[in-house]
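See below for the structure under consideration.
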Amino acid sequence: ETGVTQTPRHLVMGMTNKKSLKCEQHLGHNAMYWYKQSAKKPLELMFVYSLEERVENNSVPSRFSPECPNSSHLFLHLHTLQPEDSALYLCASSQDQTREQYFGPGTRLTVT
Amino acid sequence: DQQVKQNSPSLSVQEGRISILNCDYTNSMFDYFLWYKKYPAEGPTFLISISSIKDKNEDGRFTVFLNKSAKHLSLHIVPSQPGDSAVYFCAASAPNSGNTPLVFGKGTRLSVIA
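Protein chains in written order, with the numbering used here: chain A, 10 to 121; chain B, 47 to 160.
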């Protein structure tokens, strides 16, 4: 039990669909992150939220839209994705002044 | 340009022997390093970390060594167990806010053979 949960665990969507990924952390952390893991590539940071405000956006296409309504929840809204967006999407959280990030189990996304 | 490199994509080790996973970095501003372990269909799990003010940190069977002059760190697992079979990611961060993003390597797949 990592303290960070993600739903759904698997998602298949067409290129015209709109879907959302959800992340919830039960660790009392105040920062949350979205990462993308593609095959044979390092983990790619997509978004960072600190105290519910976005502090970093690593040039992610606008078809990915994050939302952080509070320090415990993070969403990634998806629309008009491309097949190359198929990947494992990981959520993580951390506490200020520490460097360790704790990851959820990920959502395996397939875009058809 | 990859700032954190794990040049060995895979490693096989006999049960009971030592596993040594290596990581090199290029950014001299990195001052904190972490190792994560990842099983299939799960997120990475934090394993052990080391600050640049140290050259060694030990936690049970896991020891991380840091060689700042060579910009190299390694994770030693001894004795290796079949349950250690997983992908190991090296990560690094530079001093900034407490939410400094981590830069990850591509990972090394460790197989511990019984």
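Even glycine gets a Cβ: it sits at the ideal position worked out from N, Cα and C.
Note down the Cα distance separating T16(A) from E61(A), rounded to an integer number of angstroms.
Rounded to the nearest angstrom, the two C-alpha atoms are 20 Å apart.
The beta strand (DSSP E) that contains I94(B), what's its start and end?
Start and end: T91 to S97.
Alpha carbons only, please: which of P114(A), M41(A), V13(A) and L90(A) is nearest the one belonging to T25(A)?
For T25(A), the nearest C-alpha among the options comes from L90(A).
I'd like the span of the beta strand (DSSP E) that includes S58(B), first residue to last.
Counting along the chain, the beta strand (DSSP E) containing S58(B) begins and ends at S56 to Q60.
Is any beta-carbon of chain B found at less than 7 Å from that of R9(A)?
Absent from the structure is residue 9(A), since the part of chain A shown begins at 10 and ends at 121.
Pull up the CB-CB distance for L93(B) and T154(B), whole angstroms please, since I reckon it's below 8 Å.
The pair is not a contact, with the Cβ atoms about 13 Å apart (cut-off 8 Å).
Kindly say whether E104(B), judged by its beta-carbon, lies nearer than 7 Å to any beta-carbon of chain A.
Chain A contact via Cβ: absent.
Can you name the residues of chain A whose CB is closer than 9 Å to the CB of S139(B)?
Per Cβ cutoff of 9 Å: R108.
State the Cα-Cα distance for the pair A138(B) and L80(B), rounded to the nearest angstrom.
If I take the Cα positions, the gap works out to 6 Å.
Quick check: what's the CA-CA separation for V133(B) versus K27(A)?
Taking the straight line joining both Cα atoms gives about 32 Å.
Which word fits K83(B), buried or exposed, when buried means at least 16 other C-beta atoms lie within 10 angstroms of its C-beta?
Burial call: buried.
What first and last residue would you give for the beta strand (DSSP E) that runs through V57(A)?
Here the beta strand (DSSP E) through V57(A) covers E53 to S59.
Between the alpha carbons of T116(A) and L99(A), how many angstroms are there, rounded?
Each residue's Cα considered, the two are about 7 Å apart.
Since F84(A) contacts P75(A) with CB under 8 Å, what's their CB separation in whole angstroms?
About 7 Å; that satisfies the 8 Å criterion.
With a threshold of 16 other CB atoms inside 10 Å of the CB of S68(A), please say whether the residue is buried or exposed.
Answer is exposed; the Cβ neighbour count stays below 16.
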